[in-house]
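The structure appears below as structure tokens.
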Amino acid sequence: MMRKTAKFMLSMVATAVAMSSTNAIAEEQEDGISIGGAVRVNYAYKDYDESSKDKLGEFDFDVASITFDGKIGDWGIASDYRFTSDSNYIKYGYGFYDINSEWQLQLGINKVPFGNPGFISNSFWFGLPYYLGFEDSHDVGIKASYDNNGWNTDFAFYKNPVYSATENKRYSASLFSGEINGTEYHNEETNGFNFRQTYTSEYEGGSTTFGGSAQYGQIYNSDTGNMGDRYAVALHLDSTYKGWNLQLQAMQYEYDAADSADDNKIGIAVVSWQYEIASKGQAYSANIAKTFATDFGSVKCYNDFGLMTPDVADDSYDNSMQNVTGCAISAGATYTMVDFILGKNMTFATANNDHIGLPEFGNDWDKRINVNFGYYF
Numbered sequence: 014m015m016r017k018t019a020k021f022m023l024s025m026v027a028t029a030v031a032m033s034s035t036n037a038i039a040e041e042q043e044d045g046i047s048i049g050g051a052v053r054v055n056y057a058y059k060d061y062d063e064s065s066k067d068k069l070g071e072f073d074f075d076v077a078s079i080t081f082d083g084k085i086g087d088w089g090i091a092s093d094y095r096f097t098s099d100s101n102y103i104k105y106g107y108g109f110y111d112i113n114s115e116w117q118l119q120l121g122i123n124k125v126p127f128g129n130p131g132f133i134s135n136s137f138w139f140g141l142p143y144y145l146g147f148e149d150s151h152d153v154g155i156k157a158s159y160d161n162n163g164w165n166t167d168f169a170f171y172k173n174p175v176y177s178a179t180e181n182k183r184y185s186a187s188l189f190s191g192e193i194n195g196t197e198y199h200n201e202e203t204n205g206f207n208f209r210q211t212y213t214s215e216y217e218g219g220s221t222t223f224g225g226s227a228q229y230g231q232i233y234n235s236d237t238g239n240m241g242d243r244y245a246v247a248l249h250l251d252s253t254y255k256g257w258n259l260q261l262q263a264m265q266y267e268y269d270a271a272d273s274a275d276d277n278k279i280g281i282a283v284v285s286w287q288y289e290i291a292s293k294g295q296a297y298s299a300n301i302a303k304t305f306a307t308d309f310g311s312v313k314c315y316n317d318f319g320l321m322t323p324d325v326a327d328d329s330y331d332n333s334m335q336n337v338t339g340c341a342i343s344a345g346a347t348y349t350m351v352d353f354i355l356g357k358n359m360t361f362a363t364a365n366n367d368h369i370g371l372p373e374f375g376n377d378w379d380k381r382i383n384v385n386f387g388y389y390f
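Structure representation (structure tokens):
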């Protein structure tokens, strides 16, 4: 388990920075296709793992990625493919068409419009919603986006996730079909609909984006052929003022699978690993950050907190929490993230709790340190 989780975290970190680099390239390149990418390495120290403590942590290759972005006329493409030490996978890849200055259509593997636009996190570790399948998720479908005078509207339909439900080597967290901890799952996400509405108010020194999101889809049982369903709703706020940033989000979700072996839980998979989560619950995020300009670039320091409260029939299910304190250092083509992670009953952040919202083993906060260094081109 420990070796697997290390590989998971090493391969997922490039997300936020890669997107920022991609957007910068797109802004600079008005007409034409640009090729870019990144190479990243990672240091990890786990206070709850004896092997990690004995070796004073581990330093490994993280990920290499290649991106294609740009447009010719009103048509364009965007893609990001990644290579880790033991796998490779696509994060996103879609074509788009600018109908006019306000409307854009995207077709292919594009970002699901749910929750705070961009991310509901600042750190390498992402926010708790990522592990539930609701942050920086990418599926196969079509999306229409409207942007005018501060108003942004997204409509989307997704036929299915990027990879088969039996495959755990994927970037986005989604339902898993297979055995986890003795429970057999046969669930596949299909026919998902998304809607998100935001409004951005600008003022001297910053801006505030208010928004709401809704998601509904089906869950196909590949063993019985029956359909279940799923939904999620969220309210979110992202506010900046003179270098300060505040992010708040509250969401509720439910995975109601047909012919489930246990209605209280469901299986999820993401980059090379699978785990269980409470099938219904709420997730709350509260993040604060401050960015400082420097002679070499900038430094952003932050604290990201996430809480998940299960809402199932089994009263033994417990809350899960994650807190990440860290700084991101931007200097030229490099980007370094230094994080101190606290986890309680939380997958990938604790020694014995490889799940979210299930009964807790122990009653302690586990700790780990992570330093990720990347070079972008």
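To convert, note that position 159 of the sequence shown is 172 in this note's numbering; the numbers rise steadily by one, no gaps. Just so you know, even glycine gets a beta-carbon here, dropped at the ideal spot from N, CA and C. What you are looking at is a predicted structure, and each value in this text was computed from that prediction instead of being measured.
Exercise. Mind checking LYS84: buried by the 16 CB within 10 Å criterion, or exposed?
Worked result: The residue in question, LYS84, is buried, as its Cβ has 16 or more Cβ neighbours within 10 Å.
For this session: With a 10 Å radius around its C-beta and 16 neighbouring C-beta atoms as the bar for buried, classify ASP308 as buried or exposed.
Result: Within a 10 Å sphere around the beta-carbon of ASP308 sit fewer than 16 other beta-carbons, which makes this residue exposed.
For this session: Report all residues from its chain with a CB closer than 6 angstroms to the CB of TYR297; omit the five preceding and five following residues, and keep chain order.
Result: ALA263 and LEU320.
Problem set entry | N- and C-terminal bounds of the alpha helix (DSSP H) containing ASP82 | Note, ASP82: premise wrong, no alpha helix (DSSP H); beta strand (DSSP E) at 71–85.
For this session: Ignoring anything shorter than 4 residues or poking outside the segment 277–339, list the alpha helix (DSSP H) runs there in chain order.
Result: none
Problem set entry | Beta-carbon spacing of LYS293, ASP324 below 8 angstroms | Between LYS293 and ASP324, the C-beta gap is smaller than 8 angstroms, which places the two residues in contact.
For this session: Return yes when the Cβ of GLN335 is within less than 8 angstroms of the Cβ of ALA362, no when it is not.
Result: yes
Problem set entry | Residue from ASP331, SER235, ASN258 and VAL246 whose Cα sits closest to the Cα of PRO126 | With distances taken between CA atoms, PRO126 lies nearest to VAL246 out of ASP331, SER235, ASN258 and VAL246.
Exercise. DSSP three-state call for SER343: helix, strand or coil?
Worked result: strand
For this session: Sort out for me which residues DSSP pairs ASP352 with in a bridge.
Result: For ASP352, DSSP records a beta bridge to GLY339 and ASN383.
For this session: Note down the Cα distance separating ALA37 from PRO174, rounded to an integer number of angstroms.
Result: Residue confidence for ALA37 is low, a pLDDT of 40 falling below 50, so the modelled location carries little weight and cannot support an answer.
For this session: Might you give, ordered along the chain, the residues of its own chain that have their beta carbon closer than 7 angstroms to the beta carbon of GLU373, omitting 5 neighbours on each side?
Result: ASP331, ASN358 and ASN366
Problem set entry | DSSP three-state assignment for LEU371, whether helix, strand or coil | LEU371 carries a coil assignment under DSSP once its states are collapsed to helix, strand and coil.
Exercise. Can you tell me the Cα-Cα spacing of LYS303 and GLY256, whole angstroms?
Worked result: Cα to Cα, LYS303 sits roughly 5 angstroms from GLY256.
Exercise. At what residues does the alpha helix (DSSP H) containing PRO142 begin and finish?
Worked result: 141–145
Exercise. With distances taken from CA atoms, which of LEU259, ALA270, HIS199 and ASN204 is nearest SER235?
Worked result: Comparing C-alpha distances from SER235 to each of LEU259, ALA270, HIS199 and ASN204 shows the shortest one belongs to HIS199.
Exercise. Whose CA, out of SER343, THR213, ARG243 and GLU63, lies closest to the CA of ASN161?
Worked result: THR213
Exercise. Can ASN383 and ILE354 be called in contact, C-beta distance under 8 angstroms?
Worked result: yes
For this session: Taking only the alpha-carbon atoms, compute the straight-line gap between GLU40 and LEU250 and give it to the nearest angstrom.
Result: With a pLDDT of only 43 at GLU40, under the threshold of 50, the placement of this residue in the model should not be trusted; the figure read from the coordinates follows. Those two C-alpha atoms are separated by around 25 angstroms.
Exercise. Hey, would you say the C-beta of SER78 is under 7 angstroms away from at least one heavy atom of the ligand MG?
Worked result: Looking for the ligand MG in the displayed structure turns up nothing, as the structure carries no ligands at all.
Exercise. What are the start and end residues of the beta strand (DSSP E) that includes ASP93?
Worked result: 88–96
Exercise. Quick check: the segment 134–149 against the segment 335–349, are there 3 or more CB pairs under 8 angstroms?
Worked result: yes
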